[in-house]
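**Student:** I am attaching a structure below and will ask some questions about it afterwards.
Protein chains: 2
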Amino acid sequence: MATVAPVPQGTRITICEVGPRDGFQSEKTFIPTQKKIEIANALFAAGLRHMQITSFVSPRAVPQLADAEEVLAGIDRPEGAWVTALVPNLRGAERAAGAGVDAVHTVLSASETHNLKNLNRPVDQSLAELDAVFDVLSGAGIVVEGGIATAFGCPFEGIVPPEQLARIARRYQDLGATSVSLGDTTGMATPLTVQAAIRAIRDAAPGLEIHLHFHNTRGVGLACVMTGLAEGVTHYDAAVGGLGGCPFAAGATGNICTEDLAYLLQESGYETGVDLDHLIDAAALAQDVIGRALPGQLLKAGPRLKRHDPELTLTAEG
Amino acid sequence: MATVAPVPQGTRITICEVGPRDGFQSEKTFIPTQKKIEIANALFAAGLRHMQITSFVSPRAVPQLADAEEVLAGIDRPEGAWVTALVPNLRGAERAAGAGVDAVHTVLSASETHNLKNLNRPVDQSLAELDAVFDVLSGAGIVVEGGIATAFGCPFEGIVPPEQLARIARRYQDLGATSVSLGDTTGMATPLTVQAAIRAIRDAAPGLEIHLHFHNTRGVGLACVMTGLAEGVTHYDAAVGGLGGCPFAAGATGNICTEDLAYLLQESGYETGVDLDHLIDAAALAQDVIGRALPGQLLKAGPRLKRHDPELTLTAEG
Numbered sequence: 001m002a003t004v005a006p007v008p009q010g011t012r013i014t015i016c017e018v019g020p021r022d023g024f025q026s027e028k029t030f031i032p033t034q035k036k037i038e039i040a041n042a043l044f045a046a047g048l049r050h051m052q053i054t055s056f057v058s059p060r061a062v063p064q065l066a067d068a069e070e071v072l073a074g075i076d077r078p079e080g081a082w083v084t085a086l087v088p089n090l091r092g093a094e095r096a097a098g099a100g101v102d103a104v105h106t107v108l109s110a111s112e113t114h115n116l117k118n119l120n121r122p123v124d125q126s127l128a129e130l131d132a133v134f135d136v137l138s139g140a141g142i143v144v145e146g147g148i149a150t151a152f153g154c155p156f157e158g159i160v161p162p163e164q165l166a167r168i169a170r171r172y173q174d175l176g177a178t179s180v181s182l183g184d185t186t187g188m189a190t191p192l193t194v195q196a197a198i199r200a201i202r203d204a205a206p207g208l209e210i211h212l213h214f215h216n217t218r219g220v221g222l223a224c225v226m227t228g229l230a231e232g233v234t235h236y237d238a239a240v241g242g243l244g245g246c247p248f249a250a251g252a253t254g255n256i257c258t259e260d261l262a263y264l265l266q267e268s269g270y271e272t273g274v275d276l277d278h279l280i281d282a283a284a285l286a287q288d289v290i291g292r293a294l295p296g297q298l299l300k301a302g303p304r305l306k307r308h309d310p311e312l313t314l315t316a317e318g
Numbered sequence: 001m002a003t004v005a006p007v008p009q010g011t012r013i014t015i016c017e018v019g020p021r022d023g024f025q026s027e028k029t030f031i032p033t034q035k036k037i038e039i040a041n042a043l044f045a046a047g048l049r050h051m052q053i054t055s056f057v058s059p060r061a062v063p064q065l066a067d068a069e070e071v072l073a074g075i076d077r078p079e080g081a082w083v084t085a086l087v088p089n090l091r092g093a094e095r096a097a098g099a100g101v102d103a104v105h106t107v108l109s110a111s112e113t114h115n116l117k118n119l120n121r122p123v124d125q126s127l128a129e130l131d132a133v134f135d136v137l138s139g140a141g142i143v144v145e146g147g148i149a150t151a152f153g154c155p156f157e158g159i160v161p162p163e164q165l166a167r168i169a170r171r172y173q174d175l176g177a178t179s180v181s182l183g184d185t186t187g188m189a190t191p192l193t194v195q196a197a198i199r200a201i202r203d204a205a206p207g208l209e210i211h212l213h214f215h216n217t218r219g220v221g222l223a224c225v226m227t228g229l230a231e232g233v234t235h236y237d238a239a240v241g242g243l244g245g246c247p248f249a250a251g252a253t254g255n256i257c258t259e260d261l262a263y264l265l266q267e268s269g270y271e272t273g274v275d276l277d278h279l280i281d282a283a284a285l286a287q288d289v290i291g292r293a294l295p296g297q298l299l300k301a302g303p304r305l306k307r308h309d310p311e312l313t314l315t316a317e318g
């Protein structure tokens, strides 16, 4: 078994902003392309460099992301930007190949039922079809980050065995992916499942960097980040303002929140490259565009050392 | 320096329910005494045994808790129950002495400005007055848990030095307290401040058990619990449904949520003694009584292995 070592303090942690993809795709009302670009640019201006900007999916399936090419062409990429898009199939890979992304995030589910429902084919067929997807992308010089949805549990089948994650990760490694991204699609990740998943993948596919993609559906998203850090993982996805959310659990929050994650990492002794005040401004812009309160907590409470009005009075609050 | 060892898996972690005190006190509308008793009883029925049930404060200062004696007299205490109340001064200690609590939670702030505003006296005066409070309580056979508010930061002064926590903890130890409770009054705790506070207190007052009382104001409450566990702490306060909240930060959540905490602990390999389904029922009752959506996430999303409707259709969600 691979040795487990926590991430040392002072390490630069990668935050990959997925709000423009995982967040926006859940929104029913079409967000104007120019607004999507403004939000992405504000996130870059706050110091974020990794961004999953859109999906190359059928516009019939996800009308919100029908403007994938325009968004990609419209954003201002700062020095060091790393822009990715989600691709569910060969058709998506072909669109991505000419669209100017640095990497593609492929996707299939660890659970049979979820893959059937989401991608309309069994897991083994999805795995077989990756050959053609990787051919197209490597031909275009595009890096592939191998995504695994329902990695910590399936809302139809329940528990997902780590061996299934290991099997998929090994296939990704054999195909030449640089990383594997474990998607907590419906917020079922817990410290023990995260630990087991990381260890199984490290054993099966030691050549892959592990990316963790948590949802805060059950309130433990950032606690799972603490487990990831204890297990040595340095890459986390998050969505500005905590955008996202599962359409099947009313009121449940979505992805872990980018600015809350950046705050946690900075206050745990890690480097993020992010200016927290500017990131909160970007979240306020996203909230304004979306038009409803987002679940992010820093957005409501402000930075840690924001002072109360000195005239406030209190009463024995304990 | 004391050695740091994480809490071993399988350990029983104490969850102290503080919703009836820290949660209810923030509610503007008076909650009928009988409803308070019903909620407390539902929490006991879910397996919780430690509960901070009320405060013995001036009814003018906190009218919501004017029924302290009636609530205490009305609850059904199961085998093993440990019922505490907050006491800010000698008058409160005298009321608590005859009211049938197992322990009293005293309170003073680590920061001068917060103590002046909350208790109307300097920290040193509060420390000096503890003699009389401890005399009354030990005379009545009541255990004292020494509370320190604003332990991880003050909303007026900013950073609170760990040396100040150490000084107060040592005073509590000298007086005969069994534990010290670090209160994250306005949600400023972070992994690094929690770690520094625990280590400073272990060095200064090794005879005291450390209790951690986090608010989720900035989203990192349960991440701070992970730090506490890594530092060997086995006692955490939480409020059912995530009740509480700071009246000065609109929309900010309050205490960490009891059922989300129990879920995290169970899914991290610890014992809690809690039946999660019954705990979610108790949270639903509290939400119903309070009459607005509470911040707890399990309350919205349900238990981890709750299945989706098998007829649901999905579309390339990744």
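Line by line, the protein sequences give chains Z and F. Following full-length UniProt numbering, the numbering of the first sequence begins with 1 at its first residue and continues without gaps. Following full-length UniProt numbering, the numbering of the second sequence begins with 1 at its first residue and continues without gaps. Cβ atoms here follow ideal geometry from the backbone N, Cα and C, with glycine treated the same way.
Let's see if you can read the secondary structure: which residues bound the alpha helix (DSSP H) around residue 377 of chain Z?
**Tutor:** The displayed coordinates of chain Z run from 1 to 318. Any statement about residue 377 of chain Z would go beyond what the structure contains.
**Student:** Nearest chain F C-beta to Z:P8 closer than 7 Å, yes or no?
**Tutor:** By this cut-off, Z:P8 is not an interface position.
**Student:** Could you name each continuous beta strand (DSSP E) segment of 3 residues or more that falls completely within the segment 73-120 of chain Z, going from the start of the chain to the end?
**Tutor:** With a minimum length of 3 residues, the continuous beta strand (DSSP E) runs that stay inside the segment 73-120 of chain Z are 82-87, 103-109.
**Student:** Could I get the ranges of all uninterrupted alpha helix (DSSP H) runs contained in the segment 217-273 of chain F, with 4 residues as the minimum, in chain order?
**Tutor:** Fully enclosed alpha helix (DSSP H) runs of no fewer than 4 residues occupy 221-230, 258-266 of the segment 217-273 of chain F, in order along the chain.
**Student:** Helix or strand or just coil, what does DSSP make of Z:F179?
**Tutor:** In the sequence as displayed, the identity of residue 179 of chain Z is Ser instead of Phe. In this structure, Z:S179 counts as strand in the three-state DSSP scheme.
**Student:** Tell me whether Z:V194 sits in a helix, a strand or coil according to DSSP, three-state version.
**Tutor:** helix
**Student:** When you compare the CB of F:T3 with every CB in chain Z, is at least one pair closer than 7 Å?
**Tutor:** no
**Student:** So, are the CB atoms of F:E283 and F:E267 less than 7 Å apart?
**Tutor:** Sequence inspection shows Ala at residue 283 of chain F; the Glu mentioned does not correspond to that position. No.
**Student:** Which whole-angstrom value describes the C-beta separation of residue 340 of chain F and F:S55, a residue pair presumed to lie in contact below a C-beta threshold of 8 Å?
**Tutor:** Because chain F in this structure spans residues 1 to 318, residue 340 of chain F falls outside the shown range and cannot be described.
**Student:** Could you tell me which uninterrupted beta strand (DSSP E) segments, each at least 3 residues in length, are contained entirely in the segment 5-54 of chain F, listed from first to last along the chain?
**Tutor:** 14-17
**Student:** Count the C-beta pairs between the segment 148-156 of chain F and the segment 128-136 of chain F that are closer than 8 Å, then say yes if the count reaches three, no if not.
**Tutor:** Contact fails: fewer than three Cβ-Cβ distances are below 8 Å.
**Student:** Compute the beta-carbon to beta-carbon distance between Z:I75 and Z:A40, rounded to the nearest angstrom, for a pair I have assumed lies under 8 Å.
**Tutor:** Taking the Cβ atoms as the reference, Z:I75 lies roughly 5 Å from Z:A40, within the contact range of under 8 Å.
**Student:** Anything in chain F within Cβ reach of Z:D260, meaning under 8 Å, just list it in chain order.
**Tutor:** R218, G219, V220
**Student:** Just checking: is the beta-carbon of F:T11 within a distance shorter than 7 Å of some beta-carbon in chain Z?
**Tutor:** no
**Student:** Chain Z beta carbons: is any one of them nearer than 7 Å to that of F:G232?
**Tutor:** no
**Student:** With three or more beta-carbon pairs closer than 8 Å as the criterion, would you say the segment 288-298 of chain F touches the segment 159-179 of chain Z?
**Tutor:** Under the three-pair Cβ rule at 8 Å, the segment 288-298 of chain F does not count as touching the segment 159-179 of chain Z.
**Student:** Between Z:R304 and chain F, is there a C-beta pair that is closer than 7 Å?
**Tutor:** yes
**Student:** On the CB-based measure, 16 or more other CB atoms within 10 Å of its CB, does F:T185 come out buried or exposed?
**Tutor:** Label assigned to F:T185: buried.
**Student:** Please classify Z:A73 as buried or exposed, where buried requires at least 16 other C-beta atoms within 10 Å of its C-beta.
**Tutor:** exposed
**Student:** Going by C-alpha distance, which of F:V225, F:V233, F:T14 is nearest F:P206?
**Tutor:** F:V233
**Student:** Should residue 322 of chain Z and F:L314 be called a contact, given that it needs their Cβ atoms to be closer than 7 Å?
**Tutor:** In this structure chain Z extends from 1 to 318, so residue 322 of chain Z is not present and cannot be described.
**Student:** Between F:R121, F:A110, F:G228, which has its C-alpha nearest F:I159's C-alpha?
**Tutor:** F:A110
**Student:** Using a threshold of 7 Å, state whether the C-beta atoms of F:T253 and F:A262 are closer than that.
**Tutor:** no
**Student:** Any idea what DSSP makes of F:G139, helix, strand or coil?
**Tutor:** helix
**Student:** Compare the C-beta of F:H308 with all C-beta atoms of chain Z and state if any pair is closer than 7 Å.
**Tutor:** yes
**Student:** Tell me the DSSP secondary structure of F:A151 in three-state form.
**Tutor:** The three-state secondary structure of F:A151, taken from DSSP, is coil.
**Student:** Quick one: what's Z:V144 bridged to in DSSP?
**Tutor:** Z:V104
**Student:** What does Z:C257 touch in chain F if you count any residue whose Cβ is under 7 Å from its own?
**Tutor:** G219, listed in chain order.
**Student:** Can you confirm whether F:N115, when its beta carbon is compared against all beta carbons of chain Z, has any partner nearer than 7 Å?
**Tutor:** no
**Student:** Taking Cβ positions, are F:M51 and F:V83 nearer each other than 7 Å?
**Tutor:** At a Cβ-Cβ threshold of 7 Å, F:M51 and F:V83 count as neighbours.
**Student:** Quick check on F:T217: buried or exposed, where buried means 16 or more other Cβ atoms within 10 Å of its Cβ?
**Tutor:** Flag for F:T217 reads buried.
**Student:** On the DSSP letters alone, give me the boundaries of the alpha helix (DSSP H) that Z:H278 sits inside.
**Tutor:** 276-290
**Student:** If you measure beta-carbon to beta-carbon, which residues of the segment 155-171 of chain F are closer than 9 Å to chain Z?
**Tutor:** P155, F156, E157, G158, I159
**Student:** For the beta strand (DSSP E) containing F:L212, name the first residue and the last one.
**Tutor:** Following the DSSP letters along the chain, one finds F:L212 inside the beta strand (DSSP E) bounded by residues 209-213.
**Student:** From F:G187, F:R202, F:L243, F:G241, pick the residue whose C-alpha is nearest to that of F:A223; which is it?
**Tutor:** For F:A223, the closest of F:G187, F:R202, F:L243, F:G241 by C-alpha to C-alpha distance is F:G187.
**Student:** Quick one: is Z:R304 buried, meaning 16 or more other Cβ sit within 10 Å of its Cβ, or exposed?
**Tutor:** buried
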